[in-house]
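Protein chains in written order, with the working numbering: chain A, 1 to 287; chain B, 1001 to 1296.
All C-beta atoms in this analysis are idealised placements derived from N, C-alpha and C, irrespective of residue type, glycine included.
On a predicted model such as this, the values are computed, not experimentally measured, just so you know.
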Amino acid sequence: MNGFLQALANPSVPFVRNALIGSVLAAFLFGILGSLVTVRRIAGLAGAISHTVLGGIGLALFLAAKGAPKWVTPMLGALVFAVFAALTISAVSLKAKQREDTVINALWAIGMSLGIVFMAKTPGYADPMSYLFGNILLVTSADLYLLAALTLIVLVLVWRYYRHLEAASFDEEFAATKGVPVTAIYLALLLVIAVAIVLLQTFVGIVMVIAMLTLPAGTAGYFSRNLAGMMVNATVLSFLFSVSGLVVSWHFDLPAGAVIVLLAGAVFIAFAAGKVVAGRRLARARP
Amino acid sequence: MGDIIQDPGHSAVSAPARAMRPEAETRPTPSDARHLPHSPEHIAIWCKDLAFRYREAQVFDHVAFHVHRGEFVALTGKNGAGKSTLLKLIVGILEPASGEVLVFGAPPKKQTESIGYVPQHAGFDPAFPIAVKEVVGMGRLSGLSRVARGQKQEEIDWALEQAEVGDLRERRFSALSGGQRRRVLVARALVGHPKLLVLDEPTANMDAASEQKFYDVLARVKGNTTVLIATHDSDFVSALADTVLCVGQDVDHPHSVHRHALEQADHAPEELYGGKVVRVRHDIELPDNACCEGKD
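Structure below.
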């Protein structure tokens, strides 16, 4: 712990400080968006978007190696593929719900395969693992500004439209009868999730973004009284998991992203087991 | 056989013979609904030559009927006949393929504050963290506008009392029984003081005691609010009903909605139906303007 604090205070190693600031900002996105993903049961959908992103990253790396302009960056490729995936899934979800899971899984597999193929054909060395599992210690100041901007936008939107988000998540049909634009809310939510996934994959990687969008919110769901409480609790949990994961990974020289998700997973499993045990005791106590 | 009634709660039609005219003469046509002696805003629901299809399946064709302000209307029909679809057309969740639905003279989407809706199978996630007062508060939403907090709390308390669930205010919605949940959903529909309350099979799978409580709540709002309630029982409906509309009961016209006669059913066991009921006479069809006598 002392080593981590010393590194945090050391101006010559800014990446540790950046990682901590990034953890705080990411915690808001994981907590708020994760709660909405969890209560709306669209974790699979968010997983498909996050994995499709690899196709965009691979294509951008391939094009850049073949002499494409400098603005063709992996982040742009990821953004284009994420938005495409979000729009495709939402169109299928709204128009042909019975095909939703097929399309989600197809995008998931095709996106990843495209990424692997493009990276294999990219001259030089492009390691898919670095995009799949990320590295929170490689976060730049520019990444932090983008993350701060998205966090601010999400906080303002959720503060202003909380009741509408809650109603559309709880009972979409009823919300529609009250004039709440449920389709627009669904599309906007998917697009924000897509952009957030693109930014957050820098921290914990594509594979683990989906874990952090579900595990802290899932844990918070066990003891939160309402959606707002779930968002706050999930944000606090995300922050605690990120910071403690950073400390543990620093101390034991382990990959930070994987440690953060393992901690979040362990706490989630502990809460789930506790709930099962409590439920059985309650059932036994009933006459 | 009991006395034929058309409007047990209000203006009883005293001439059963009129109600029993041959079907060929009395079959409602779209033109009946187009030429009512009322201005559209005085009619709670006005369906004009309505048609609707799900992909290739025709659900409604040439449907025409109207419901007066303050009426209590039971909507019956077999499973899959299209009751829920008709209610969704009336509350604006679905759009007709042709024809028109007017609610107090305007399309349903422009009357969101006038309509309170209790859906049949809301796909509630039992793990969704939400308290009863928050569920009821959703009824105050109107588009993307904001609602003043003080005004909302007062109205939530009022609606909870109306639905006799005031003591459940702080409880978690997922912890309630089925009957309690339905009454909370009625409170949610009532919180905006709707002029039209639309309920989709609210008493399905409910025990008789809960059903009785449920109809007590509806009896309280009857008169001030127009009530349209879909019921799973085609032969008997609550005695609160002034009118019964039957979906797809006509073999020759399976995609239609017809107004059928009601008759007293003094010997029907109340304990089975959660209160007094009247019998639906599916063999006696009424013209669409049968209810207009003495109305505004």
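Where residue i falls, given that 16 or more other Cβ within 10 Å makes a residue buried
| i | result |
| --- | --- |
| valine 1278 (chain B) | buried |
| methionine 129 (chain A) | exposed |
| leucine 213 (chain A) | buried |
| lysine 70 (chain A) | exposed |
| valine 1257 (chain B) | buried |
| proline 74 (chain A) | buried |
| arginine 1181 (chain B) | buried |
| asparagine 10 (chain A) | exposed |
| threonine 1231 (chain B) | buried |
| glutamate 1071 (chain B) | buried |
| tyrosine 1215 (chain B) | buried |
| glutamine 160 (chain A) | A quick correction: the sequence has arginine, not glutamine, at residue 160 (chain A). With fewer than 16 other Cβ atoms within 10 Å, it is exposed. |
| glutamine 1058 (chain B) | exposed |
| lysine 178 (chain A) | buried |
| phenylalanine 223 (chain A) | exposed |
| histidine 1255 (chain B) | buried |
| threonine 102 (chain A) | exposed |
| proline 1126 (chain B) | exposed |
| isoleucine 185 (chain A) | buried |
| arginine 1069 (chain B) | buried |
| arginine 281 (chain A) | exposed |
Test: residue i CB closer than 8 Å to a CB of chain B
| i | result |
| --- | --- |
| alanine 196 (chain A) | no |
| tyrosine 161 (chain A) | yes |
| lysine 275 (chain A) | no |
| leucine 137 (chain A) | no |
| proline 181 (chain A) | yes |
| serine 93 (chain A) | no |
| glycine 279 (chain A) | no |
| glutamate 100 (chain A) | no |
| alanine 292 (chain A) | Residue 292 (chain A) cannot be examined here, being either before or after the span of chain A that is shown, 1 to 287. |
| asparagine 105 (chain A) | no |
| methionine 230 (chain A) | yes |
| alanine 283 (chain A) | no |
| alanine 188 (chain A) | no |
| alanine 167 (chain A) | yes |
| phenylalanine 133 (chain A) | no |
| phenylalanine 170 (chain A) | yes |
| histidine 51 (chain A) | no |
Bridge partner(s) assigned by DSSP for residue i
| i | result |
| --- | --- |
| lysine 1083 (chain B) | Answer is none; lysine 1083 (chain B) lacks a bridge partner. |
| histidine 1066 (chain B) | B:Trp1046 |
| glutamine 1058 (chain B) | B:Arg1053 |
| arginine 1279 (chain B) | B:Phe1236 and B:Glu1263 |
| threonine 1076 (chain B) | B:Cys1246 |
| alanine 1131 (chain B) | B:Arg1172 |
| leucine 282 (chain A) | Paired residues: none, contrary to the question. |
Test: residue i CB closer than 8 Å to a CB of chain A
| i | result |
| --- | --- |
| valine 1091 (chain B) | yes |
| lysine 1276 (chain B) | no |
| glutamate 1211 (chain B) | no |
| glycine 1143 (chain B) | yes |
| threonine 963 (chain B) | Absent from the model: residue 963 (chain B). The displayed extent of chain B is 1001 to 1296, so no value can be given. |
| tyrosine 966 (chain B) | Any answer about residue 966 (chain B) is impossible in this case: the structure gives chain B only from 1001 up to 1296. |
| asparagine 1156 (chain B) | The sequence shown places isoleucine at residue 1156 (chain B), not asparagine. No, no contact with chain A. |
| alanine 1290 (chain B) | no |
| lysine 1195 (chain B) | no |
| leucine 1286 (chain B) | no |
| lysine 1222 (chain B) | no |
| threonine 1076 (chain B) | no |
| methionine 1206 (chain B) | no |
| threonine 1112 (chain B) | yes |
Residue i beta carbon near the ligand FAD (any heavy atom closer than 7 Å)
| i | result |
| --- | --- |
| valine 276 (chain A) | Judged by which ligands are present, the structure shown has none, so any question about the ligand FAD falls away. |
**Where the segment 233–249 of chain A meets chain B: residues whose CB sits under 7 Å from a CB there** = Under the 7 Å Cβ criterion, the segment 233–249 of chain A contributes no residue.
**Secondary structure, beta strand (DSSP E): runs of 3+ residues fully inside the segment 1196–1269 of chain B** = 1196–1200, 1226–1230, 1236–1238, 1243–1247 and 1257–1264
**Message:** Give me the subset of the segment 25–49 of chain A whose CB atoms are less than 8 Å from a CB atom of chain B, sorted by chain position.
**Reply:** Cβ contacts with chain B come from Val39 and Arg41.
**Message:** For the segment 1045–1059 of chain B, list every residue whose C-beta sits within 8 Å of some C-beta in chain A, in sequence order.
**Reply:** none
**Message:** For a minimum of 4 consecutive residues, which ranges assigned as the alpha helix (DSSP H) are wholly contained in the segment 47–116 of chain A?
**Reply:** 74–95
**Asked** Which whole runs of the alpha helix (DSSP H) in the segment 187–264 of chain A are 4 residues long or more, in chain order?
**Response** 206–221 and 227–252
**Item:** Secondary structure, alpha helix (DSSP H): runs of 4+ residues fully inside the segment 109–160 of chain A
**Value:** 128–133
**Message:** Which residues of the segment 248–272 of chain A have a Cβ closer than 9 Å to any Cβ of chain B? Give them in chain order.
**Reply:** none
**Request:** Give the residues from the segment 1122–1135 of chain B that approach chain A closer than 9 Å (Cβ to any Cβ), ordered along the chain.
**Result:** Ala1122, Gly1123, Phe1124, Asp1125, Ala1127, Phe1128, Pro1129, Ile1130, Ala1131, Glu1134 and Val1135
**Message:** To be precise: take each residue of the segment 10–22 of chain A, compare its Cβ to all Cβ atoms of chain B, and keep it if any distance is under 9 Å. Which residues remain?
**Reply:** none
**Contact list for the segment 1079–1104 of chain B against chain A, Cβ threshold 9 Å** = Lys1088, Val1091, Gly1092 and Ile1093
**Request:** Below 8 Å between beta carbons is the criterion; list the residues of the segment 206–230 of chain A that meet it against any residue of chain D, in chain order.
**Result:** Going by chain labels, chain D is absent from the structure shown, which instead holds the protein chains A and B.
**Request:** For the segment 1155–1186 of chain B, list the beta strand (DSSP E) runs that are entirely contained and at least 3 residues long, ordered along the chain.
**Result:** none
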